[in-house]
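First comes the structure, then the notes that go with it.
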Amino acid sequence: GAVVSQHPSWVICKSGTSVKIECRSLDFQATTMFWYRQFPKQSLMLMATSNEGSKATYEQGVEKDKFLINHASLTLSTLTVTSAHPEDSSFYICSARDPGGAPDTEAFFGQGTRLTVV
Amino acid sequence: AQSVTQLGSHVSVSEGALVLLRCNYSSSVPPYLFWYVQYPNQGLQLLLKYTSAATLVKGINGFEAEFKKSETSFHLTKPSAHMSDAAEYFCAVRETGGYNKLIFGAGTRLAVHP
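Protein chains in written order, with our numbering: chain A, 1 to 118; chain B, 1001 to 1114.
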């Protein structure tokens, strides 16, 4: 079945640096990808919708200058956490759905990225 | 607006006992509903989905869910719990229109004890 690959699975960075997380759809072209943030023992919070070839759509309260999203190709979206601070430490997950599939086609999720800012 | 509510943030069962995880939805149109499972430090894996083809949906790992329109429910069940079922479970509804994004419930942590 369709697979979404996310890299890296974990990263530790120093406060003030930037970190890039990649999300790839491996066997379908994803015009739209979604980025989520998950705090410990909580549900997934949608951060933004990544659109190929255009600007991302951010959810209310998400800083677009802090979380830069680039969707330069139909199989790759990146999330860059800029000037990271310890409060940005979290689990980030991407997902994508084959737009050419039937209406009931499910979304596939990446493995997630555990970001720790020290 | 569409939404899902998961009743019970924690459920604990004995190995071999029935598993019942509750999910109620709110939608003005026939919904697309999903159950996902998440193991620690991993992404989400689809357990099953409701697409109006059948009200009783069978998924992976012995799980199934029944869509009940009159109760606006889509509860997840498994006849006999295994230790390996311990995980976080999320019910989700697909938003209609726009980007068709998923709207998640708060999640239910299932613990299975010997």
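Virtual Cβ for every residue (Gly too), placed ideally from N, Cα, C.
Have a look at residue i and residue j and give me their C-alpha separation to the nearest angstrom.
i: residue 18 (chain A); j: residue 83 (chain A); result: 5 Å
i: residue 1070 (chain B); j: residue 1056 (chain B); result: 14 Å
i: residue 64 (chain A); j: residue 47 (chain A); result: 9 Å
i: residue 1026 (chain B); j: residue 22 (chain A); result: 33 Å
i: residue 1041 (chain B); j: residue 1107 (chain B); result: 15 Å
i: residue 113 (chain A); j: residue 85 (chain A); result: 16 Å
i: residue 1059 (chain B); j: residue 1104 (chain B); result: 19 Å
i: residue 1032 (chain B); j: residue 1052 (chain B); result: 8 Å
i: residue 1022 (chain B); j: residue 16 (chain A); result: 42 Å
i: residue 4 (chain A); j: residue 42 (chain A); result: 22 Å
i: residue 1007 (chain B); j: residue 25 (chain A); result: 33 Å
i: residue 97 (chain A); j: residue 1035 (chain B); result: 16 Å
i: residue 80 (chain A); j: residue 116 (chain A); result: 14 Å
With distances taken from CA atoms, which of the options is nearest residue i?
i: residue 32 (chain A); options: A:42, A:20, A:53, A:43; result: A:53
i: residue 1081 (chain B); options: B:1089, B:1056, B:1047, B:1113; result: B:1113
i: residue 50 (chain A); options: B:1072, B:1091, B:1065, B:1098; result: B:1098
i: residue 1079 (chain B); options: B:1061, B:1033, B:1049, B:1103; result: B:1061
i: residue 1111 (chain B); options: B:1047, B:1010, B:1094; result: B:1010
At the 8 Å Cβ level, is residue i part of the contact set with chain E, yes or no?
i: residue 1074 (chain B); result: No chain E appears in the structure shown, which is made up of the protein chains A and B.
Between residue i and the ligand PLP, is there a pair consisting of the residue's CB and a ligand heavy atom that are separated by less than 7 Å?
i: residue 1017 (chain B); result: What this structure holds is no ligand at all, so the ligand PLP is not there to describe.
Can you tell me where the beta strand (DSSP E) with residue i in it begins and where it stops?
i: residue 1074 (chain B); result: 1073-1078
i: residue 91 (chain A); result: 90-96
i: residue 1010 (chain B); result: 1010-1014
i: residue 85 (chain A); result: Here residue 85 (chain A) belongs to no beta strand (DSSP E), and DSSP marks it neither H nor E.
i: residue 1083 (chain B); result: Counting along the chain, residue 1083 (chain B) falls outside any beta strand (DSSP E), and DSSP gives it neither H nor E.
i: residue 1111 (chain B); result: 1108-1113
i: residue 24 (chain A); result: 19-25
I'd like to check one pair, residue j with residue i: are the Cβ atoms closer than 8 Å?
i: residue 1013 (chain B); j: residue 1089 (chain B); result: no
i: residue 89 (chain A); j: residue 110 (chain A); result: no
i: residue 92 (chain A); j: residue 10 (chain A); result: no
i: residue 1004 (chain B); j: residue 1087 (chain B); result: no
Exercise for the section: Would you check if the region 65-85 of chain A and the region 1012-1032 of chain B touch, i.e. whether three or more CB-CB distances between them fall below 8 Å? Expected result: no
Handout entry: Contact between the region 54-61 of chain A and the region 100-109 of chain A (3+ Cβ pairs under 8 Å)
Key = no
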